[in-house]
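Structure first, commentary second.
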Amino acid sequence: MESAVLATSADGTPIYTSAIGNPRAASIVFIHGFSIGAAVFDEIFHDPRWHESLYLVRYDLRGHARSGMPTEPEFWASSRLAEDFDAVVRAFGLTRPFVLGWSIGGTQITDILSFFPPSYLSGVIHLCAIPFMSAIPSAAQDLSTSVLPPSGQSHDVVAYQAAAWKFTKGCSKRASYSLYLSCLSHIMVQPPAITQYVLNRTQDEHGLIRAGQQGLPYLTICGDQDEIVDAATASRVMDSFVNKRHIVLRGADHIPWISHSEEMRQEIFRFVDDVLSQRPIS
Numbered sequence: 009m010e011s012a013v014l015a016t017s018a019d020g021t022p023i024y025t026s027a028i029g030n031p032r033a034a035s036i037v038f039i040h041g042f043s044i045g046a047a048v049f050d051e052i053f054h055d056p057r058w059h060e061s062l063y064l065v066r067y068d069l070r071g072h073a074r075s076g077m078p079t080e081p082e083f084w085a086s087s088r089l090a091e092d093f094d095a096v097v098r099a100f101g102l103t104r105p106f107v108l109g110w111s112i113g114g115t116q117i118t119d120i121l122s123f124f125p126p127s128y129l130s131g132v133i134h135l136c137a138i139p140f141m142s143a144i145p146s147a148a149q150d151l152s153t154s155v156l157p158p159s160g161q162s163h164d165v166v167a168y169q170a171a172a173w174k175f176t177k178g179c180s181k182r183a184s185y186s187l188y189l190s191c192l193s194h195i196m197v198q199p200p201a202i203t204q205y206v207l208n209r210t211q212d213e214h215g216l217i218r219a220g221q222q223g224l225p226y227l228t229i230c231g232d233q234d235e236i237v238d239a240a241t242a243s244r245v246m247d248s249f250v251n252k253r254h255i256v257l258r259g260a261d262h263i264p265w266i267s268h269s270e271e272m273r274q275e276i277f278r279f280v281d282d283v284l285s286q287r288p289i290s
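Under my numbering, residue 290 is the last one in the sequence shown; the count climbs by one each step, no gaps.
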């Protein structure tokens, strides 16, 4: 059964997090994407093929879903987001977890590696992900660039609703209606000021790049039918990484755990097993 904890970040912001599986197994912390809470990973966390082999942890990022929603700019410094992750790690007593960042959630890993050493993690998984904030212009697909401006404003409700629906449908045409509604509800409760922080905050990617060049294991998975993120373009920033693996799922969209669930699961399991067995990744 999945257990939930309301962790407290260093600045006092409450962070909703939950875990399922064997605490003695390798752990993966899942980080969700733009304006959508951790419930987007329900298909994974409810699947015994996942949690019988791994310890799965997820959390709602600050400003999302069940976590605190601070609207002052000082609460959106890169260090604060790294501290949120550490609060989750501490809440479940994790040691050197793997971290999976999906979509814009991939940028959170850059925050983590700006303030914690590579040895803090066992490995990084970028899933249809943007690696850092400055990569957004090159990695965002046309659908994304069309919905982002109306998503961060509050004066045109019709445009806001249309953008939210277009974005949600663009993530996957195979998702259930209940998942669409879950994603939409998370988007609708997020204050526009927070949406602006999510899209326009700053960070330093040098910690991420340095970790990759020093050998921290990296797995990138992208779908060639992804309408939200051109993850293949985003992954090129990691050309200098020495211990990486890049997987393209043919026919997969932005939510590959629905469109290509078994292929994605096998690639992640293989990566985790190779890292723990100290086999080459590249």
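Ideal Cβ positions, reconstructed from N, Cα and C, are used throughout, including at glycine.
Pick from M77, H40, F49 and I138 that is closest to P200, judged by C-alpha positions: By one-based count along the sequence shown, residue 200 stands at place 192. P200 has its Cα closest to that of M77, out of M77, H40, F49 and I138.
Cut-off 8 Å between Cβ atoms - residues of its own chain near R32, not counting five sequence neighbours on either side: If you number the sequence shown from 1, residue 32 lands on position 24. Contacts found: Y63.
Cβ contact check for the segment 119 to 126 and the segment 81 to 94: 3 or more pairs under 8 Å: yes
Own chain, CB closer than 7 Å to S142, minus 5 neighbours either side, in chain order: Indexing the sequence shown from 1 puts residue 142 at position 134. Excluding positions up to five away in sequence, the list reads E213.
Sub-8 Å separation of I23 and I133 beta-carbons: Against the sequence shown, residue 23 aligns to sequence position 15. Against the sequence shown, residue 133 aligns to sequence position 125. For I23 and I133, no; Cβs fall outside 8 Å.
Where K181 falls: helix, strand or coil (DSSP): The sequence position of residue 181 within the sequence shown is 173, counting from 1. Here K181 sits in coil by DSSP.
Unbroken beta strand (DSSP E) run spanning G109, endpoints: Here residue 109 is taken as the residue at index 101 of the sequence shown, counted from 1. Its beta strand (DSSP E) spans residues F106 to W110.
6 Å CB neighbourhood of F38 in its chain, flanking five on each side removed: On the sequence shown, position 30 is the one that residue 38 refers to. Contacts found: F49, R66 and L108.
Pair within 8 Å by beta-carbon distance, L257 and G131: For this step, residue 257 is matched to residue 249 along the sequence shown. For this step, residue 131 is matched to residue 123 along the sequence shown. Cβ distance not < 8 Å, so L257 and G131 don't count as in contact.
Counted within 10 angstroms of its Cβ, other Cβ atoms place S43 as buried (16 or more) or exposed: Within the sequence shown, the letter at position 35 stands for residue 43. Classification for S43: buried.
Alpha-carbon spacing of L135 relative to I255, whole angstroms: Position 127 of the sequence shown, counted from the start, is the residue given in the question as residue 135. Position 247 of the sequence shown, counted from the start, is the residue given in the question as residue 255. Cα to Cα, the separation comes out at about 10 Å.
Enclosing alpha helix (DSSP H) for H59 [first to last residue]: In the sequence shown, residue 59 corresponds to position 51, counting from 1. Start and end: P56 to H59.
Rounded separation between V13 and R98 - CA only: To locate residue 13, count along the sequence shown from 1; it is residue 5. To locate residue 98, count along the sequence shown from 1; it is residue 90. If I take the Cα positions, the gap works out to 11 Å.
Three-way DSSP call (helix, strand, coil) for R66 in this model: For the purposes of this step, residue 66 is taken as residue 58 along the sequence shown, with counting starting at 1. DSSP places R66 in strand when its eight states are reduced to three.
Alpha-carbon spacing of N30 relative to E60, whole angstroms: Translated into the one-based positions of the sequence shown, residue 30 becomes position 22. Translated into the one-based positions of the sequence shown, residue 60 becomes position 52. N30 and E60: Cα-Cα distance of roughly 7 Å.
Nearest residue (CA-CA) to L284, options A85, Q149 and R104: Here residue 284 refers to the residue found at position 276 of the sequence shown. Residue R104 is the option with its Cα nearest to L284.
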